[in-house]
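Contents: one structure, followed by commentary.
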Amino acid sequence: MNALGLETVNISEDRTKLVILDQTLLPNEIKYLELDDRESIYEAIKKLRVRGAPAIGVAAAYGIYVLMRKFSGDDKSAFVEYFRREKDYLISSRPTAVNLSWALRRMERVLEDNLSVMNLPGLVERLGIEADAIRNEDIALSRSIGEHGFSLLHHGDGILTHCNAGTLATAKYGTALAPVYIALEHGWNDLHIFCDETRPLLQGARLSAFEMQTAGVDTTLICDNMASITMKRGKINIVFVGADRVAANGDFANKIGTSGVAILAKYYDIPFYCLAPSSTIDMSIRSGDEIPIEERAAEEVTEMWYSRRMAPEGVKVSNPAFDVTDHSLVTGIITEKGIAYPPFDKAFERMGLSSDIL
Ligand code: MRU
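So the sequence shown is numbered by this note's numbering: it starts at 7 and just counts up by one.
This is the structure we're talking about:
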């Protein structure tokens, strides 16, 4: 079994249901869920059954498509109103990853552009075509990110990654782990991947370590607080992480703990790269200060995964799901369009990125 062969997010064969691999059960159980109602789609995104910024975007696009298929009646303005209500509802499930609103805004544009020239069944079909395009493009973009990232690797490198920005976080290949898949295609069998376990939801242990091990890569799992000694021991040559939202100045939000890894990498003089599709770059915000940070339930810290509670009853808990890494700590940002180096705002402009779509 190779996790690269698992489909993270897709549409059912009869096109009536969003199909997701339930990532909360990994690595112990491989189970697919078929969803076609607003509450279960919202819940799947909120509870991280489908997670990772690009995968959330694809899930939202297919999610709204299956919801719009169920619209009955022939009133176009009621159709648009229904679309906007469902769009806002799905966006509210997770605030940090910009791909969620990006994908739904893209679907909305398609609806607006075709409203006067298509009937309702035609519009629904057109939305389905757009969702397919978002998924297919995500596969192509991830591959291309992988190729750019691969150009930075050397035989025998040790790569540190945080959280999961692999195939499970996208339609295929991933972002931060895509260069490793490309390296494998080139017959490289001498890379070493170090996965931060990523407290509190353990995406590094449950997902990245699972992905890399099943792909046949030499994989070592470390607790988050072991990154420093692992770097000091000379095991890490490069850091690859994903992003949930990148600001115009290169600050970026990613899973909680990423900014600490970036600070360590700077201290140990290890190159630190963020890998993300251009849809994750939000040119409408100037810096990371404007990125909303999702706060999650205290139980994820005090109880989840433990056989019994591991904190005193009533203790205050802070559980921000993401942090913002300052652009000054980032060596480069790898997108499907190439590698951006500081100053990032100028590099993004040269790549033709704008705030147009959001
Ligand atoms: O809370 P999660 O698991 O959705 O967080 C995921 C991350 O932080 C990823 O690194 C990010 O979404 C990039 S995925 C290519």
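Yeah, the Cβ is synthetic: ideal placement off N, Cα and C, and Gly gets one too.
Scanning Asn-260, Ile-36, Asp-119, Asp-332 for the CA closest to the CA of Pro-348 turns up Asp-332. Under the three-state reduction of DSSP, Val-252 is assigned to strand.
Rounded to the nearest whole angstrom, the C-alpha separation of Gly-344 and Val-245 is 17 Å. In the structure shown, Asp-288 falls within a strand segment according to DSSP collapsed to helix, strand and coil. According to the DSSP secondary-structure assignment, Glu-40 is paired through a beta bridge with Val-25.
Along the length of the region 204-259, whole alpha helix (DSSP H) runs at least 4 residues long occupy 215-220, 233-238, reported in chain order.
If you keep only unbroken alpha helix (DSSP H) runs of at least 4 residues inside the region 54-115, you get 59-75, 82-97.
Ranked by Cα distance from Ser-107, the options Leu-73, Ile-62, Glu-118 are led by Ile-62. Taking the Cβ atoms as the reference, Asp-202 lies roughly 19 Å from Ala-103, outside the contact range of under 8 Å. Screening all residues for a C-beta within a distance smaller than 5 Å of any heavy atom in the ligand MRU leaves Arg-57, Gly-58, Ala-59, Cys-169, Ala-171, Ala-175, Thr-181, Gln-209, Gly-248, Asp-250, Asn-260, Lys-261, in chain order. By the 16-neighbour rule on beta-carbons within 10 angstroms, Pro-60 is buried. Under the three-state reduction of DSSP output, His-160 falls in the coil class, being neither helix nor strand. In the three-state reduction of the DSSP assignment, Leu-281 falls in the strand class. Separation of Gly-172 and Asp-288 (C-alpha to C-alpha, rounded to the nearest whole angstrom) is 21 Å. In the structure shown, the three-state DSSP call for Asp-20 is coil. By the neighbour-count definition (other C-beta atoms within 10 Å, threshold 16), Thr-22 is an exposed residue.
Lys-261 places its beta carbon less than 8 Å from that of Thr-204. By the CB criterion at 8 Å, Ala-182 and Gly-248 fall inside the cutoff. For Glu-301, the three-state secondary structure derived from DSSP is strand.
Each residue's CA atom was taken as its position, placing Arg-44 and Glu-19 some 20 Å apart. Per DSSP, Gly-266 is one residue of the alpha helix (DSSP H) stretching across 264-273.
Straight-line spacing of the CA atoms in Val-130 and Leu-359 works out to 29 Å. Taking all protein chains in view, the Cβ of Gly-338 is crowded by 16 or more other Cβ atoms within 10 Å, so the residue is classified as buried. In the DSSP assignment, Ile-276 falls outside any beta strand (DSSP E) and carries neither an H nor an E. Annotation: Pro-277 to His-168 spans about 14 Å, alpha carbon to alpha carbon.
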